[in-house]
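Following the working numbering, the residues of the sequence shown are numbered contiguously, the last one being 875.
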Amino acid sequence: MAEPLILTPSAAARVAAIAQRQGKPAILRLAVEGGGCSGFQYKFDLAETPESDDTVTERDGVQLVVDPISLDLIAGSTVDFVESLGGAAFKVENPQAAAGCGCGSSFGI
């Protein structure tokens, strides 16, 4: 079975750096909330610990955790960290998203 989520090496490295700077565990929580310009939006946060029903993906000692409701909307996604002239940000490549927006942080299904 394919992994439900993929955390790229660049995203893992960025999470590790942020977590170290903040003195927190290297656990990135990705959640989906209603809102944004396309119906849903991605929310990133550092977590202290995974919840018992979270799906956990790990790369290079960094964990990506997602709750079951959010996972239904983002299963198969890749979480990357990209730096460009416009800035640096976490980016979700979501194969389920039928629509997106210019900000890259919201999507529609």
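From the three backbone atoms N, C-alpha and C, an ideal C-beta is built for every residue, glycine too.
Beta-bridge pairing of residue i - partner residues as DSSP gives them
{"i": "residue 809", "result": "797"}
{"i": "residue 853", "result": "850"}
{"i": "residue 859", "result": "844"}
{"i": "residue 829", "result": "793, 824"}
Run of the beta strand (DSSP E) containing residue i, from where it starts to where it stops
{"i": "residue 771", "result": "771-773"}
Residues of its chain near residue i, where Cβ-Cβ distance is below 7 Å and the 5 sequence neighbours each way are ignored
{"i": "residue 769", "result": "823"}
{"i": "residue 811", "result": "795"}
Where the alpha helix (DSSP H) containing residue i begins and where it ends
{"i": "residue 820", "result": "Looking at the DSSP string, residue 820 is not in any alpha helix (DSSP H), and its letter there is neither H nor E."}
{"i": "residue 838", "result": "834-840"}
C-beta neighbour in chain D for residue i, strict 8 Å
{"i": "residue 827", "result": "Among the chains in the structure shown there is no chain D, since it carries only a single protein chain."}
Cutoff 8 Å; reference residue i; Cβ partners in own chain excluding five residues on either side
{"i": "residue 837", "result": "770, 771, 821"}
{"i": "residue 841", "result": "770, 771, 862"}
{"i": "residue 815", "result": "791, 793"}
{"i": "residue 819", "result": "833, 834"}
{"i": "residue 741", "result": "Residue 741 lies beyond the residue range present for the chain, which begins at 767 and ends at 875; the question has no answer from this structure."}
Chain-order list of residues whose beta-carbon lies under 6 Å from that of residue i (same chain, five-residue window excluded)
{"i": "residue 858", "result": "808, 843, 845"}
Taking three-plus beta-carbon pairs below 8 Å as touching, is the stretch 773-780 in contact with the stretch 812-828?
yes
Given 8 Å as the limit, is there contact between the stretch 784-792 and the stretch 848-868, that is, 3 or more CB pairs closer than that?
no
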